[in-house]
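One structure is given below, encoded as structure tokens.
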Ligand SMILES: Nc1ncnc2c1ncn2[C@@H]1O[C@H](COP(=O)(O)OP(=O)(O)OP(=O)(O)O)[C@@H](O)[C@H]1O
Ligand SMILES: [Mg+2]
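Residue numbers (the working numbering): 90 to 470.
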């Protein structure tokens with residue numbers, strides 16, 4: 090199984106495993122399936138699959154020329170789809186004519202480079218115009234336009250025309266214009282490129298706020314590391330293929346748990362992330378025996394949800410009750426001895442499981458890392 094598939098399945102199972110009642114029925118805001126794209130004889134997108142859910146902030150990274158903008162413009166109905174299927178808010182894009190695509194685009198928020206502001210209109214008028222496409226409540230539109238321009242730090246520049254604004258300020262007007270109508274989907278190509286750190290984070294905060302309050306899904310193409318903190322998922326394009334798709338929140342939490350396991354203390358975040366990628370969620374109802382005392386050790390476990398009781402079968406003594414974040418099972422893996430206690434699920438649990446081989450590979454990986462580091466230091470002398 091490829092790395093991508095492992096990740097995707099891991100994420101998917103975890104979502105279901107967590108038993109969030111709405112998630113199982115959640116229809117993605119965007120569903121991309123089997124999308125290929127050719128420019129002339131050159132294929133620039135290969136069989137891309139991607140689901141975007143409401144409220145997700147998805148960061149798209151990848152080298153120059155890997156197909157990020159092409160994918161974004163296809164999702165945004167800015168170019169016509171050649172192969173595969175893209176469904177945006179229940180509309181299939183394949184086969185739409187230009188008029189239908191224009192109609193669909195009106196409901197989306199675009200932040201692309203070359204912001205296409207109207208030069209004859211002020212910042213405020215540019216944003217108001219975008220709102221007027223959706224509503225003719227003048228007073229509400231005026232208020233929303235002011236509010237969002239202030240949120241991107243342009244309170245002093247409402248009445249300036251684009252020619253009187255700096256590049257970064259024009260970019261912020263474009264952001265305000267895209268977000269003002271509170272679109273369900275925002276497609277942004279390097280939206281913070283022309284911005285300093287402070288305004289960059291203002292823009293990201295606005296996107297986060299929209300995600301939380303309106304369920305807006307956002308795809309952000311960026312090389313900006315500051316944006317990493319805001320992302321729920323990171324997808325990586327290489328040579329027109331989606332090579333990884335990681336749910337950041339879940340991975341971060343798993344890494345945090347892993348960093349507390351004595352066997353992994355002092356591991357680099359990169360090493361922990363790689364171990365986390367190999368962990369599979371397992372859904373176990375209350376009463377299930379995870380392993381028996383005396384068993385040969387096969388797995389290492391982290392309690393993700395529910396609780397697990399560790400019991401000595403000889404004495405009947407309860408040794409521990411493990412809650413989310415706690416881990417168990419590593420001692421027998423490290424010593425090679427049989428299990429010295431029995432583990433039983435007491436409240437319906439989701440356990441993240443790392444197989445013996447992956448556990449050992451994890452230990453080995455960092456040993457190699459340390460050896461390598463030693464070599465680096467040695468060669469420096
Ligand atoms: N209109 C076009 N005609 C022909 N080839 C194109 C066209 N647009 C893009 N390409 C090619 O398609 C490939 C993907 O381009 P795309 O713009 O999607 O890359 P990108 O990942 O957005 O890169 P960057 O990070 O530099 O913006 C590149 O090889 C590019 O040269
Ligand atoms: Mg691009």
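We put the CB at the ideal spot given by N, CA and C, even for glycine.
Computed from a prediction, not measured in an experiment: that's the story for all the values here.
Just list the alpha helix (DSSP H) runs in the segment 407–463, keeping only unbroken ones of 4 residues or longer that don't cross its boundaries, in chain order.
Within the segment 407–463, the complete alpha helix (DSSP H) runs of at least 4 residues are 419–424.
Beta-carbon separation of residue 123 and residue 155 under 8 Å?
As a position in the chain shown, residue 123 is number 34, starting the count at 1. As a position in the chain shown, residue 155 is number 66, starting the count at 1. Against a cut-off of 8 Å, the Cβ pair of residue 155 and residue 123 comes out as no contact.
Count Cβ pairs between the segment 328–340 and the segment 297–310 that sit closer than 8 Å; are there 3 or more?
Short answer: they don't touch.
Based on DSSP bridge pairs, tell me the residues matched to residue 335.
Residue mapping note: residue 335 aligns to position 246 of the chain shown, counting from 1. BP columns for residue 335 point to 323.
With the cut-off set at 8 Å, would you say residue 242 and residue 199 are in Cβ contact?
As a working note, residue 242 is residue 153 in the chain shown. As a working note, residue 199 is residue 110 in the chain shown. Contact: no.
Hey, could you find the ends of the alpha helix (DSSP H) residue 290 is sitting in?
Here the question's residue 290 lines up with position 201 in the chain shown. Looking at the DSSP string, the run of the alpha helix (DSSP H) that includes residue 290 is 286–303.
Collect the residues with a C-beta less than 6 Å away from any heavy atom of ligand 1 and give them in sequence order along the chain.
Cβ atoms closer than 6 Å to ligand 1 belong to 128, 133, 151, 153, 154, 155, 156, 157, 158, 159.
Using only the alpha-carbon positions, how far apart do residue 415 and residue 346 sit?
Residue numbering aside, residue 415 sits at position 326 when the chain shown is read from its first letter. Residue numbering aside, residue 346 sits at position 257 when the chain shown is read from its first letter. Going from the Cα of residue 415 to the Cα of residue 346 covers about 7 Å.
By alpha-carbon positions, which one of 131, 196, 350, 372 ends up nearest to residue 178?
The residue labelled residue 178 in the question sits at position 89 within the chain shown. Taking only the C-alpha atoms, the option nearest residue 178 is 196.
For residue 434, I'd like the list of residues in its chain whose CB is within less than 6 Å of its CB, leaving aside the five on either flank, ordered along the chain.
Counting from one through the chain shown, the residue named residue 434 turns up at place 345. So the qualifying residues of the chain are 373, 375, 377, 397.
Does DSSP classify residue 351 as helix, strand or coil?
Walking along the chain shown from the start, residue 351 turns up at place 262. In this structure, residue 351 counts as helix in the three-state DSSP scheme.
If we call anything under 8 Å between Cβ atoms a contact, is residue 219 one with residue 269?
Translated into positions along the chain shown, residue 219 becomes position 130. Translated into positions along the chain shown, residue 269 becomes position 180. For residue 219 and residue 269, yes; Cβs fall inside 8 Å.
Return the residue from the list 189, 274, 240 that minimises the CA-CA distance to residue 143.
Indexing the chain shown from 1 puts residue 143 at position 54. It is 274 whose Cα lies nearest to the Cα of residue 143.
Tell me which residue opens and which closes the alpha helix (DSSP H) that residue 392 is part of.
Here residue 392 is taken as the residue at index 303 of the chain shown, counted from 1. Premise fails: residue 392 lies in the beta strand (DSSP E), 388–400, not in any alpha helix (DSSP H).
Quick one, which of 228, 217, 152, 117 has its alpha-carbon nearest residue 180's?
Numbered from its first residue, the chain shown carries residue 180 at position 91. Cα-wise, what sits closest to residue 180 is 117.
Report all residues from its chain with a CB closer than 7 Å to the CB of residue 149; omit the five preceding and five following residues, and keep chain order.
Reading the chain shown from its first residue, position 60 is the one you call residue 149. Contacts found: 157, 308, 309, 310, 324, 326.
For ligand 2, any of its heavy atoms closer than 7 Å to the Cβ of residue 278?
Here residue 278 is taken as the residue at index 189 of the chain shown, counted from 1. Because some heavy atom of ligand 2 lies under 7 Å away, the Cβ of residue 278 counts as near it: yes.
Report the three-state DSSP secondary structure of residue 157 (helix, strand or coil).
In the chain shown, the residue the question calls residue 157 occupies position 68. Helix, per DSSP.
Would you kindly check if the distance between the Cβ of residue 386 and the Cβ of residue 441 is under 8 Å?
Walking along the chain shown from the start, residue 441 turns up at place 352. Walking along the chain shown from the start, residue 386 turns up at place 297. Result no, Cβ atoms of residue 441 and residue 386 do not sit closer than 8 Å.
What is the rounded straight-line gap between the Cα of residue 449 and the Cα of residue 364?
Taking the chain shown and counting its residues from 1, the one referred to as residue 449 is at position 360. Taking the chain shown and counting its residues from 1, the one referred to as residue 364 is at position 275. Going from the Cα of residue 449 to the Cα of residue 364 covers about 10 Å.
Between residue 110 and residue 437, what straight-line distance do the alpha-carbon atoms span, to the nearest angstrom?
For the purposes of this step, residue 110 is taken as residue 21 along the chain shown, with counting starting at 1. For the purposes of this step, residue 437 is taken as residue 348 along the chain shown, with counting starting at 1. The predicted position of residue 110 is uncertain, since its pLDDT is 33 and thus under 50; a value taken from the coordinates is nonetheless stated next. Going by the C-alpha atoms only, they are around 15 Å apart.
If you draw a straight line from the C-alpha of residue 427 to the C-alpha of residue 402, how long is it?
The residue given as residue 427 occupies position 338 in the chain shown. The residue given as residue 402 occupies position 313 in the chain shown. Distance between the alpha carbons of residue 427 and residue 402 is about 13 Å.
Using DSSP with H/G/I as helix, E/B as strand and the rest coil, what is residue 119?
For the purposes of this step, residue 119 is taken as the residue at position 30 of the chain shown. Strand at residue 119.
Could you give the residue range of the beta strand (DSSP E) that holds residue 171?
Within the chain shown, numbered from 1, the residue matching residue 171 stands at position 82. Run containing residue 171: none; DSSP gives neither H nor E here.
So, at 6 Å on beta carbons, what are the nonlocal neighbours of residue 250 in its own chain, with the 5 sequence-adjacent residues on each side left out?
As a working mapping, residue 250 is identified with position 161 in the chain shown. Closer than 6 Å at Cβ, skipping near neighbours: 211.
Is residue 327 near ligand 2, judged by its Cβ being under 7 Å from some heavy atom?
As a working mapping, residue 327 is identified with position 238 in the chain shown. Checking the Cβ of residue 327 against ligand 2 gives no.
Taking 8 Å as the cut-off, decide whether the C-beta atoms of residue 230 and residue 239 are in contact.
The residue labelled residue 230 in the question sits at position 141 within the chain shown. The residue labelled residue 239 in the question sits at position 150 within the chain shown. Cβ atoms of residue 230 and residue 239: not closer than 8 Å.
Buried or exposed: residue 253, going by 16 or more other Cβ atoms within 10 Å of its Cβ?
Here residue 253 corresponds to residue number 164 of the chain shown, with the count starting at 1. Exposed: under 16 other Cβ atoms inside 10 Å.
Should residue 147 be listed as close to ligand 4, given that the test is whether its C-beta is under 7 Å from any heavy atom?
Ligands present in the displayed structure are limited to ligand 1 and ligand 2, and ligand 4 is not among them.
Taking only the alpha-carbon atoms, compute the straight-line gap between residue 419 and residue 305 and give it to the nearest angstrom.
Working through the chain shown from its first residue, we reach residue 419 at position 330. Working through the chain shown from its first residue, we reach residue 305 at position 216. Between residue 419 and residue 305, the C-alpha separation is close to 41 Å.
Residue 289 to residue 161, Cα distance in whole Å?
To locate residue 289, count along the chain shown from 1; it is residue 200. To locate residue 161, count along the chain shown from 1; it is residue 72. Looking at the two C-alpha atoms, the distance is approximately 21 Å.
What are the start and end residues of each continuous alpha helix (DSSP H) run of 4 or more residues lying completely inside the segment 202–269, in chain order?
Correct list: 212–221, 227–240, 256–268.
Take the Cβ of residue 228 as the centre, count every other Cβ of all protein chains shown within 10 Å, and call the residue buried at 16 or more, exposed below.
To locate residue 228, count along the chain shown from 1; it is residue 139. Burial call: exposed.
Whose C-alpha, out of 393, 319, 271, 410, is nearest the C-alpha of residue 399?
Position 310 of the chain shown, counting from 1, holds the residue named residue 399. Answer by Cα proximity: 410.
With a 10 Å radius around its C-beta and 16 neighbouring C-beta atoms as the bar for buried, classify residue 425 as buried or exposed.
On the chain shown, position 336 is the one that residue 425 refers to. Looking at its Cβ environment, which holds fewer than 16 other Cβ atoms inside 10 Å, residue 425 is exposed.
Report the residue from 193, 185, 248, 182 whose alpha carbon sits nearest the alpha carbon of residue 209.
Here residue 209 is taken as the residue at index 120 of the chain shown, counted from 1. Of the candidates 193, 185, 248, 182, the one whose C-alpha sits nearest the C-alpha of residue 209 is 248.
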